[in-house]
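Numbering (the UniProt record's numbering), first residue to last: 1 to 596.
Here's the structure, in structure tokens; my notes come after.
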Amino acid sequence: MPSDNIYLASSASRNCDLDTLTLSRHRHPNRGSITSIDIFQNATNCRIKNSSFVLNNIQAPGDPLNKLYDQVATNAILNAGGRADQVKCYPGTREEVIGLIERWMDSDAKDNTIPNMMWLSGPAGAGKSAIVQTIAERCKERNVLAANFFFFRADPTRSAAQALVATLLYQIVKASPVARQAIETVLSEDPLLFGASIQDQFNLLRLSGSPPLHHIPPSLESPARRPIVLLIDGLDECDSERKLSQRQIIQALEHLLMQNDSPFLVLVASRAEPQLCMAFKQLGFPIKSIFLDDQYAPERDIRTFVTGEFKKIKKSHDLAHTLGDSWPSVNNVEAIVRKSSGQFIFAATVMRFLSNSSASPMLSLEIVLGIVPIGKNSPFSQLDAVYTYILSQADNQEVVKDLLSAQLLHNTFNRDNRVLQPIILPIKTILSTYNPARYGRALITNSCASELTAILQFQGNQLKFYHASFTDFLENKSRSGEYHIDIGAFGAKILPALWMKAPESMSSALTALELFITLKKPTPEITKAFLTISPASTKNPNLILKYNSNNAIRIFKSIYRLYYHDDVKTYKKILHQWASWYVSARDLTDLPHLPG
């Protein structure tokens, strides 16, 4: 691909007085990126007046491939110098997945049972890009002709679909003189083709009657006897605001592969976002899918990576002498592996922080583990940016917050083994009880969850977070900002509705009582609900005492704590209701000594 090469006029003059300085910028279609600055290298006492810069674009006259070169996104190509996201699989990891992909690539082209397209998907941070980049590297080693494109939303040169075909074609014509000649012919006839639709651009790869890539010489063929493999990574990052181009690319690839004797295999890697799931389901042929979950032993691979990175740190860090022979402990390694939840992004973020921080790695690890408070530089900043972006894309932020709050509340009940939770309400029930008009049907919660598939999934009636660290992010306001979840505030919001439902549902009653016991301050709605519904009117009052006689004592103490000092009148009313119920159920000797 051509590069913009800058040359400055030079002079050996020792004394000079110029009225005009000319800077020439030359562009050559077949030259690498070279910048030469050699202006007046040996000159002294120079004065420059009225300087001007003249840009000269020098291209090979009549070369139709100049139109191709102008459209190439160099940063989207493997090992491009301008990329900041280059990463490949750590040695010894993801071998099972890589093996599956390469066996698919090496399959017999005459075997019609082998799909021509594979979709590699998984949660955010599962390591999809690392796998594709590793595959691309290995294609070179295995003499497999492959063209690759790595989308990246933060880089405007490769965050849209317009440069995709040109970038793939550029790599193909470099490898095949025959393909080069065919593309030159087409572009000489239609030099504006790269301004056309994605589908029209893809027609360059499947020209009617004489597809140029069908004539690639046998010496360039892969072991699968297919001339070329297309590797497209990060499709979910293409046109990520409107997402229309993502579907158009999949449709164009479908047309490409449905041609008779198509010479292509296509590997697409992306998150399993709803619009992509639908697009792949609508294809006119079956595809091979790999979803990066626990099936592929990620925990083992993450442990290999973490252990290897710790060895590097102990060998090369400037403060390695502060580390003892027993550092890190097995528990330290396992803590990182567990928190990774099978996703490489957490482990990679943590190990990068330990490696790059100027502080002792031992201190940095204590920050990661929460032993030492986080300072100015958070070890989780990259991870938090991923979570923040995904949440920001949800259409209904209020529903997202309610949904996540309900799940965190549910997790809290489970984690703390609460006494008052023989039956934990599903999050959909919690939400529909709290706001039946909004959450009475599952449509809105299901729709909301589908927008967050990169970080969670619905499993039964509960949400499953792919990342254990996502909970830490949501509960820490300094990390999550506007997406922070205050479980206490959410509990206070839903408590009145749950308690009003107590005559019909004992699960609602028990959930409401647990929230009441942990309540920091009653709201008018909570007070009204507890004055309206007495414990005796709940569906099965004896269940409140079933698991531990201390349950009632905790409730009485909470009534005292919440009302006695600020509202004695209300305190006495609520206390009277509960004491009257308790008299009929138990001996009053169990009650704590409370005033009133």
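Built from N, CA and C at the ideal position, the CB exists for glycine as well.
With three or more CB-CB distances shorter than 8 Å, the segment 330-339 counts as touching the segment 306-319. Secondary structure note for Val266: it is in no alpha helix (DSSP H), and the uninterrupted beta strand (DSSP E) holding it is Phe264 to Ser270.
Between the segment 109-123 and the segment 155-162 there are fewer than three inter-stretch CB-CB distances shorter than 8 Å, so the stretches are not counted as touching. Between the alpha carbons of Ala147 and Ala347 lies a gap of roughly 30 Å. Between the segment 552-572 and the segment 522-532 there are three or more inter-stretch CB-CB distances shorter than 8 Å, so the stretches are counted as touching. For Met506, no beta strand (DSSP E) encloses it; the enclosing alpha helix (DSSP H) starts and ends at Met506 to Ile517. Contact annotation: Thr453 and Lys428 have beta-carbon atoms that are not nearer than 8 Å.
Counting of Cβ neighbours within 10 angstroms places Ser505 among the buried residues, the total reaching 16 or more. Contact between Thr349 and Leu425 is ruled out by a C-beta separation of about 34 Å, above the 8 Å threshold. In the DSSP assignment, Ser378 falls outside any beta strand (DSSP E) and carries neither an H nor an E. Residue pairing by DSSP places Val229 opposite Ala146 and Leu265 in a beta bridge. In chain order, Lys401, Leu404, Ser405, Leu408, Leu474 and Glu475 place their CB closer than 8 Å to the CB of Ile485, counting only its own chain and leaving out the 5 sequence neighbours on each side. The Cβ atoms of Leu192 and Leu169 do not sit closer than 8 Å to each other. Sorting Asp106, Pro328, Ser188 and Asp239 by C-alpha distance to the C-alpha of Leu265 places Asp106 at the top.
For Lys521, no alpha helix (DSSP H) encloses it, and the DSSP letter there is neither H nor E.
Nearest to Val132 by C-alpha distance, out of Lys110, Ala160 and Leu100, is Leu100. A straight line joining the alpha-carbon of Cys89 with that of Arg479 spans about 28 Å. Restricting attention to Leu369, Ser355 and Gln462, the CA atom closest to the CA of Asn331 is found in Leu369. The secondary-structure analysis by DSSP pairs Leu456 across a beta bridge with Phe465. For Trp104, the uninterrupted alpha helix (DSSP H) run begins and ends at Glu95 to Met105, by DSSP. Put simply, the segment 276-288 touches the segment 242-262. At least three CB pairs are less than 8 Å apart. Judged by their CB atoms, Ile494 and Ile430 are nearer to each other than the 8 Å cut-off. In this structure, Ala442 lies away from Leu463, with their beta-carbon atoms at least 8 Å apart.
When the beta-carbon positions are compared, Val229 and Ala163 stay at least 8 Å from each other. Look at Lys501 here: in three-state DSSP terms it is coil, with no helix or strand label. DSSP lists no beta-bridge partner residue for Lys311.
Looking from the CA of Leu531, the closest CA among Asp395, Asn551, Ile77 and Lys569 belongs to Lys569. At a Cβ-Cβ threshold of 8 Å, Phe151 and Asp233 count as neighbours. For Ser289, the enclosing beta strand (DSSP E) begins and ends at Lys288 to Phe291. In this structure, DSSP gives Trp327 a state outside helix and strand, which the three-state scheme calls coil.
The continuous beta strand (DSSP E) containing Ser121 extends over residues Met117 to Ser121. In this structure, the CA atom of Trp327 is about 26 Å from the CA atom of Arg94. In terms of Cβ geometry, Ser381 and Ile313 do not form a close pair [threshold 8 Å]. Nearest to Gln282 by alpha-carbon distance, out of Glu254, Ala272 and Asn377, is Glu254. By the beta-carbon neighbour count (other beta carbons within 10 angstroms, threshold 16), Pro298 is buried. Here Leu120 is buried: its Cβ has 16 or more other Cβ atoms, across all protein chains shown, within 10 Å.
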